[in-house]
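Protein chains in written order, with this note's numbering: chain W, 652 to 767; chain F, 73 to 186. Even for Gly, the Cβ is constructed at its ideal location relative to N, Cα and C. What follows is a single structure, written as structure tokens, with notes after it.
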């Protein structure tokens, strides 16, 4: 069964460092997303990506964040200068785009980012 | 704006007990509603969904009915198993052009004891 793959599963980084979280969405999907979950809090939407551009982003997704689909298979989230409050589980998701708003989004297992 | 309010956990039940996890929503449009489950060490998986009022989603013995009049989508299961221990997330989506993000509730941790 096709699945969304995220790497690494856990990343520890020093405050102020850049990190890149990687995702391989399901191959025929058209919509890509990043969400995050700070420990004990809600899963929050960060950004959606369609047709090689950002289609929607939340207030959380400020200038420190960027996304890229560099080679048609990977989908990356970059945090330019990490802060302690960026520590969270980051989930990548993708969906096919057919079937309207009821279309299932498939999620990866998440990358736990710890900023020290 | 859009939001989802879930029953706070954690919830601990004995095997074969009846489960209800409450979920209510507010939405500016006409949402589709979802329940996702996260088993230990795994990602979020779609459990069930409903796309219009009075629809009932069901899967693996779980059910939820889209109630527009009460803006609710409560998750139920008649007899839980130890293997149902997981975190359950209620979510909604309103499609607007190319924006199809999900809005999640806070999640409910369920532990089923043998």
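Checking contacts by CB at 8 angstroms: is residue i closer than that to chain F?
i	result
residue 693 of chain W	yes
residue 756 of chain W	yes
residue 822 of chain W	The requested residue 822 of chain W is not part of the displayed model; chain W covers only 652 to 767.
residue 696 of chain W	yes
residue 759 of chain W	yes
For a cutoff of 8 angstroms on Cβ pairs, would you count residue i as touching chain W?
i	result
residue 161 of chain F	yes
residue 88 of chain F	no
residue 130 of chain F	no
residue 144 of chain F	no
residue 81 of chain F	no
residue 172 of chain F	yes
residue 178 of chain F	yes
residue 135 of chain F	no
Quick one, which of the options has its alpha-carbon nearest residue i's?
i	options	result
residue 152 of chain F	F:88, F:74, F:144, F:73	F:88
residue 149 of chain F	F:182, F:124, F:125, F:176	F:182
residue 79 of chain F	F:104, F:73, F:94, F:85	F:94
residue 156 of chain F	F:105, F:115, F:74, F:185	F:185
residue 674 of chain W	W:665, W:656, W:668	W:656
residue 672 of chain W	W:739, W:709, W:757, W:695	W:739
residue 712 of chain W	W:726, W:725, W:696	W:696
residue 105 of chain F	F:179, F:166, F:178	F:166
residue 717 of chain W	W:731, W:763, W:747, W:735	W:731
residue 98 of chain F	F:173, F:140, F:86	F:140
residue 759 of chain W	F:100, F:138, F:117	F:117
residue 720 of chain W	W:714, W:761, W:757, W:681	W:681
Applying the 10 Å Cβ sphere with the 16-neighbour rule, what's the burial state of residue i?
i	result
residue 728 of chain W	buried
residue 91 of chain F	buried
residue 768 of chain W	An answer regarding residue 768 of chain W cannot be provided, because it is not within the stretch 652 to 767 covered by chain W.
residue 154 of chain F	exposed
residue 196 of chain F	Nothing about residue 196 of chain F can be reported from this structure: the residues present for chain F run from 73 to 186 only.
residue 663 of chain W	exposed
residue 668 of chain W	exposed
residue 653 of chain W	exposed
residue 661 of chain W	exposed
residue 678 of chain W	exposed
Identify every residue that forms a DSSP beta bridge with residue i.
i	result
residue 149 of chain F	F:91, F:134
residue 672 of chain W	W:728
residue 660 of chain W	None; residue 660 of chain W has no bridge partner.
residue 158 of chain F	F:182
Worksheet item: At a cut of 8 angstroms, does the stretch 695 to 715 of chain W reach the stretch 107 to 124 of chain F through at least three beta carbon pairs?
Response: no
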